[in-house]
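Numbering (mature numbering (1 follows the signal peptide of the UniProt record, and there is no 0)), first residue to last: -30 to -1, 1 to 82. Please read the structure below before turning to the comments.
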(Lines of atoms letter the chains of each structure in order from A and count residues from 1; the text may use other names and numbers.)
(Lines give C-alpha, C1' and ligand atoms only; values in the text may rest on other atoms or scores of the structure.)
Protein backbone atom coordinates (compact mmCIF):
# COMPACT_ATOMS: atom_id res chain seq x y z
CA UNK A 1 0.00 0.00 0.00
CA UNK A 2 1.33 3.32 -0.96
CA UNK A 3 1.35 6.56 0.92
CA UNK A 4 -1.48 8.03 -1.15
CA UNK A 5 -3.66 4.97 -0.75
CA UNK A 6 -3.03 4.90 3.01
CA UNK A 7 -3.74 8.61 3.29
CA UNK A 8 -7.00 8.36 1.31
CA UNK A 9 -8.08 5.25 3.27
CA UNK A 10 -7.39 6.95 6.60
CA UNK A 11 -9.11 10.15 5.46
CA UNK A 12 -12.18 8.18 4.33
CA UNK A 13 -12.36 6.20 7.57
CA UNK A 14 -11.89 9.31 9.70
CA UNK A 15 -14.47 11.26 7.70
CA UNK A 16 -17.02 8.44 7.96
CA UNK A 17 -16.53 8.10 11.75
CA UNK A 18 -16.70 11.88 12.19
CA UNK A 19 -19.86 12.14 10.04
CA UNK A 20 -21.61 9.31 11.89
CA UNK A 21 -20.62 10.78 15.29
CA UNK A 22 -21.93 14.24 14.37
CA UNK A 23 -25.13 12.76 12.92
CA UNK A 24 -25.77 10.74 16.09
CA UNK A 25 -25.02 13.80 18.24
CA UNK A 26 -27.45 15.94 16.19
CA UNK A 27 -30.23 13.33 16.50
CA UNK A 28 -29.68 13.09 20.26
CA UNK A 29 -29.86 16.88 20.59
CA UNK A 30 -33.10 17.01 18.54
CA UNK A 31 -34.64 14.36 20.81
CA UNK A 32 -33.52 16.25 23.92
CA UNK A 33 -34.97 19.50 22.58
CA UNK A 34 -38.31 17.81 21.86
CA UNK A 35 -38.41 16.28 25.36
CA UNK A 36 -37.53 19.59 27.01
CA UNK A 37 -40.24 21.42 25.06
CA UNK A 38 -42.78 18.80 26.06
CA UNK A 39 -41.78 19.02 29.73
CA UNK A 40 -41.87 22.82 29.62
CA UNK A 41 -45.39 22.71 28.16
CA UNK A 42 -46.54 20.28 30.85
CA UNK A 43 -45.14 22.46 33.64
CA UNK A 44 -46.49 25.66 32.10
CA UNK A 45 -49.98 24.17 31.75
CA UNK A 46 -49.77 22.98 35.36
CA UNK A 47 -49.23 26.36 36.99
CA UNK A 48 -50.73 28.53 34.22
CA UNK A 49 -53.61 26.61 32.63
CA UNK A 50 -54.95 27.67 29.27
CA UNK A 51 -58.31 29.37 29.03
CA UNK A 52 -61.02 27.00 27.87
CA UNK A 53 -61.86 27.31 24.22
CA UNK A 54 -64.96 29.28 23.38
CA UNK A 55 -68.06 27.41 22.34
CA UNK A 56 -68.43 27.35 18.56
CA UNK A 57 -71.12 29.71 17.38
CA UNK A 58 -74.02 28.38 15.42
CA UNK A 59 -73.90 29.20 11.76
CA UNK A 60 -76.55 31.70 10.79
CA UNK A 61 -78.00 31.21 7.35
CA UNK A 62 -80.57 33.61 5.92
CA UNK A 63 -83.84 31.80 5.49
CA UNK A 64 -85.63 31.65 2.20
CA UNK A 65 -89.25 31.78 1.18
CA UNK A 66 -89.68 28.00 1.50
CA UNK A 67 -88.39 28.03 5.09
CA UNK A 68 -90.69 30.92 5.98
CA UNK A 69 -93.66 28.98 4.56
CA UNK A 70 -92.65 25.87 6.53
CA UNK A 71 -92.38 27.91 9.74
CA UNK A 72 -95.80 29.47 9.19
CA UNK A 73 -97.35 26.07 8.42
CA UNK A 74 -95.81 24.59 11.58
CA UNK A 75 -97.04 27.53 13.68
CA UNK A 76 -100.61 27.21 12.35
CA UNK A 77 -100.57 23.45 12.86
CA UNK A 78 -99.27 23.85 16.40
CA UNK A 79 -102.00 26.40 17.23
CA UNK A 80 -104.66 24.05 15.83
CA UNK A 81 -103.39 21.12 17.86
CA UNK A 82 -103.29 23.27 21.01
CA UNK A 83 -106.87 24.40 20.37
CA UNK A 84 -108.06 20.80 19.92
CA UNK A 85 -106.15 19.71 23.01
CA UNK A 86 -107.52 22.52 25.21
CA UNK A 87 -111.16 22.18 24.06
CA UNK A 88 -113.70 20.86 26.58
CA UNK A 89 -115.44 18.33 24.33
CA UNK A 90 -118.17 17.54 26.90
CA UNK A 91 -119.28 21.18 26.85
CA UNK A 92 -119.18 21.23 23.01
CA UNK A 93 -121.38 18.10 22.90
CA UNK A 94 -123.85 19.57 25.40
CA UNK A 95 -124.01 22.84 23.45
CA UNK A 96 -124.63 20.97 20.18
CA UNK A 97 -127.37 18.86 21.82
CA UNK A 98 -129.04 22.02 23.15
CA UNK A 99 -128.99 23.65 19.69
CA UNK A 100 -130.35 20.53 17.99
CA UNK A 101 -133.06 20.30 20.68
CA UNK A 102 -133.99 23.96 20.15
CA UNK A 103 -134.18 23.47 16.37
CA UNK A 104 -136.29 20.33 16.78
CA UNK A 105 -138.63 22.16 19.14
CA UNK A 106 -139.02 25.05 16.66
CA UNK A 107 -139.81 22.56 13.88
CA UNK A 108 -142.49 20.87 16.03
CA UNK A 109 -144.03 24.21 16.95
CA UNK A 110 -144.07 25.40 13.36
CA UNK A 111 -145.73 22.14 12.28
CA UNK A 112 -148.71 22.55 14.65
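Note that the Cβ used here is the ideal one computed from N, Cα and C, for glycine as well.
Start and end residues, alpha helix (DSSP H) containing residue i
i, result
"residue 23", "Here residue 23 belongs to no alpha helix (DSSP H), and DSSP marks it neither H nor E."
"residue 50", "35 to 56"
"residue 64", "59 to 81"
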